[in-house]
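S.K.:
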Amino acid sequence: LPKVLHPVAGQPILFHILDRVLEAAPNADIGIVVGHARESVESAVKANPHYAKAKIAFLHQAEQLGTGHAARSAMDTPWGDALVKRKAPVLVLPGDLPLITTALVASSQSAFAQTDSPTPTPTSTPYSSANMSLNCESA
């Protein structure tokens, strides 16, 4: 079982993060970077009816080399390319940190809204099998 699918408080770790992101930004374009056991992660998210209307893309990272590499891999996909072309801001979140709050996501969006900078906000956490990139522009 991938780390991000281990249950915490009755649901997979990743779902806690998705819930906080969708509370703060219900219309966000979400990219979930998947590598190890990607089929399990994709299936779990797709099987949850709560995420059926969410704009979620699964972005494959062939080689897992850390969170920074996951972010780079996300930006090297058509999903990331579209954001780059629009100069859209991107918030990078770890997929294995269930204590991310709605307030943190919302305050990050506010910070992007107050500047013209599309600079991503990186995290410094250990590698996980799923990292998320959130397009803060459409949130």
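Following the working numbering, the numbering of the sequence shown begins with 3 at its first residue and continues without gaps. Where is the CB? At the ideal position from N, CA and C, for every residue including glycine. A quick note: this is a predicted structure, and the numbers were derived from the prediction, not measured.
1) Would DSSP call residue 9 helix, strand or coil?
2) Quick one: give me the first and last residue of the alpha helix (DSSP H) that residue 80 is part of.
3) By DSSP's criteria, residue 60 is part of a beta bridge. Which residues make up the other side?
4) Taking the alpha-carbon of residue 42 as reference, which of 83, 30 and 62 has the nearest alpha-carbon?
5) DSSP on residue 27, reduced to helix/strand/coil?
6) Our contact map puts residue 111 next to residue 26 with C-beta atoms below 8 Å; I'd like the distance itself, whole angstroms only.
7) Assign residue 49 to one of three DSSP states: helix, strand, or coil.
8) Taking the alpha-carbon positions, what's the residue 81 to residue 33 distance?
9) Whole angstroms are fine: how far does the CA of residue 5 sit from the CA of residue 56?
10) With DSSP collapsed to three states, give me the class of residue 108.
11) Between the C-alpha atoms of residue 105 and residue 11, what's the straight-line distance to the nearest angstrom?
12) Check residue 39 in the structure and name its three-state DSSP category.
M.R.: With the structure as the only source:
1) strand
2) 80-88
3) 34
4) 62
5) coil
6) 7 Å
7) helix
8) 7 Å
9) 22 Å
10) helix
11) 20 Å
12) strand
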